[in-house]
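Protein chains: 2
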Amino acid sequence: MKPSQQSTPKSYSITKAQQNVLNVIREFLNSNAHPPTLAELSGILGITVNGVRSHLLALDRKQALKYIPNISRGIDLPSVQPSGVPIYGYVPAGNPFMSQDNVVDTFEVQRYISGSKDVFGLYVRGDSMKDAGLATNDLLFVDPNVPAQSGRMVVALVEGEPTVKWFHKDGPTVSLIPANKKYKPIVVNKHDENFKIVGVVIGMIRAMDKMRIDSTMKLRKAS
Amino acid sequence: MKPSQQSTPKSYSITKAQQNVLNVIREFLNSNAHPPTLAELSGILGITVNGVRSHLLALDRKQALKYIPNISRGIDLPSVQPSGVPIYGYVPAGNPFMSQDNVVDTFEVQRYISGSKDVFGLYVRGDSMKDAGLATNDLLFVDPNVPAQSGRMVVALVEGEPTVKWFHKDGPTVSLIPANKKYKPIVVNKHDENFKIVGVVIGMIRAMDKMRIDSTMKLRKAS
DNA sequence: TAAATTACTTCACAAATATACAGTATACGA
DNA sequence: TCGTATACTGTATATTTGTGAAGTAATTTA
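These protein sequence lines map, in sequence, to chains A and B. Using this note's numbering, read the first sequence as starting at 15 and increasing by one per residue. Using this note's numbering, read the second sequence as starting at 15 and increasing by one per residue.
Here it is in structure tokens:
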């Protein structure tokens, strides 16, 4: 944390008063789509406009925010908000796990559906991928720009019908393998006109608002 | 879509010029943390400040944005961006499914992890919920504010150890039921001190960047 | 302890911003 | 065709909002 540039003017770390200003700005941005003015901060903080200003200049120097001169509401907080949920770790894992220190990560879908901007979602229907843990109504994230490799889950168009399967390439032929003994693999020629890889499954999300134990019971009986 | 209030002033739908203003504002917000001023929009659009103003007033009337009078940069665009991926429908389903008309929904995590602000994420480890489709490294969304009901999946603390199970209440006792024949249900008294429901599982997400067919193969052999 | 930074205040002032009011011309729906 | 909304322009004019310069006191680091 030592200054790497000798040109950097000497400065203390962020002080309590400055942190307070920062917090007030953050709060302001939670209820307003625009940053506050100096006068507004002045009113909230109970100090004069120039008092606020000197804090902003200091915070800008310390890179805690960007203070753009001469323009109204020219306060830019970097990295807005995680907009996400904290992630605490693994289950089961060491406890107590629900503490702020224990936040392993912050959830951002971008992390999961990273990659190309062409990623799209697709709902699962049917049980052909049951053993891979997919159930009807699960939502798949499919990336059309990821090249299909053996061992990956893909969405393919077979004779115009979209289907989710494991992908396996074997010389001139490719196999689409279901994760359910009830169904047989589909084997086609690599250049078959009636066959097309739509994309690779890079993620999945499931809403469990209404999911009940019954579904597992059925699974249990079936297996 | 007919106006429900007779007090609503007559107005056309958003015109091309207005849509253009809207687009410019959106673009502005993509590169700036603060909304534009009337003067800035005037410069970009090539019309006078009052021209801009009348557009903003019209757009406010049409609820396309909020125009806050008397404050600088008082332009609030609702629902910033979907930040999401389009969802096309079910698999398998009628084709051709990848067309803009076919967008069933736009993915927003909020939709899935809706409810309280206390929702948090938790990684799954182990195979005790295998038959419910959960695998190690899956990320669960847990809501501590949803009351546990029989049939729902819950995260519980049993003697200090966090665990994911199906929840079943039966008079004075509650059962935590694993979705894997290898494990036995845990039955405890409702008021047992060593037992505590942390929250209800409301969703799950899985990253499949590296997931390979091998894992299914193993599942197949095991079942 | 000396030099610098913080944490403010006050008074004055220059820009930046939004409004008011008055027009002109075009397009649209009943 | 009438009445209204749109799509602007222009000239002023109020406010809002940000800056400058100077100063006081407390705090911090070397």
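Think of the CB as a built atom: it goes at the ideal place given N, C-alpha and C, for glycine as much as any other residue. Treat the numbers as computed from the prediction; the structure is a model and nothing was measured.
Is there a Cβ from chain B that is less than 8 Å from the Cβ of residue i?
i	result
Asp90(A)	yes
Gly217(A)	yes
Ser86(A)	yes
Arg75(A)	no
Ala78(A)	no
Ala31(A)	no
Ala53(A)	no
Ala170(A)	no
Gly147(A)	yes
Ala221(A)	yes
Glu207(A)	no
Ala107(A)	Confidence in Ala107(A) is poor, its pLDDT being 30 and thus under 50, which makes the residue's placement unreliable; the coordinate value appears in the next sentence. Yes, because at least one Cβ of chain B sits closer than 8 Å to the Cβ of Ala107(A).
Would residue i pass as an interface residue toward chain A - the criterion being a Cβ-Cβ separation below 8 Å?
i	result
Arg67(B)	no
My output table needs one value for residue i: the three-state DSSP class, helix, strand or coil.
i	result
Asp157(B)	strand
Leu148(B)	coil
Asp141(B)	coil
His48(A)	coil
Ile39(B)	helix
Thr29(B)	coil
Ile58(A)	helix
Val72(A)	For the sequence presented, residue 72(A) should be read as Ala rather than Val. Three-state result, Ala72(A): helix.
Gly65(A)	helix
Ala53(B)	helix
Met222(B)	coil
Given the structure, does residue i come close to the ligand PLP, in the sense that its CB is under 7 Å from one of the ligand's heavy atoms?
i	result
Gly217(B)	The ligand PLP is absent from the structure shown, which contains no ligands of any kind.
Tell me whether the region 197-205 of chain A and the region 198-205 of chain B touch, counting them as touching only if at least three CB pairs, one residue from each stretch, are closer than 8 Å. no
Which runs of the beta strand (DSSP E) at least 3 residues long sit entirely within the region 184-220 of chain A? Give them in chain order. 187-191, 200-203
Would you call the region 149-158 of chain B and the region 189-201 of chain B touching, i.e. three or more CB-CB distances under 8 Å? no
Return the residues of the region 37-48 of chain A that lie within a Cβ-Cβ distance of less than 7 Å from chain B, sorted by chain order. Ala47, His48
With a cut-off of 8 Å, do at least 3 Cβ pairs link the region 151-161 of chain A to the region 213-223 of chain A? yes
Under 8 Å, with one C-beta from each stretch per pair, do the region 72-84 of chain A and the region 69-80 of chain B reach the 3-pair mark? Judged by Cβ distances under 8 Å, the region 72-84 of chain A makes no contact with the region 69-80 of chain B, as fewer than three pairs qualify.
How do the region 56-75 of chain A and the region 32-46 of chain A stand: do at least 3 beta-carbon pairs fall below 8 Å, yes or no? yes
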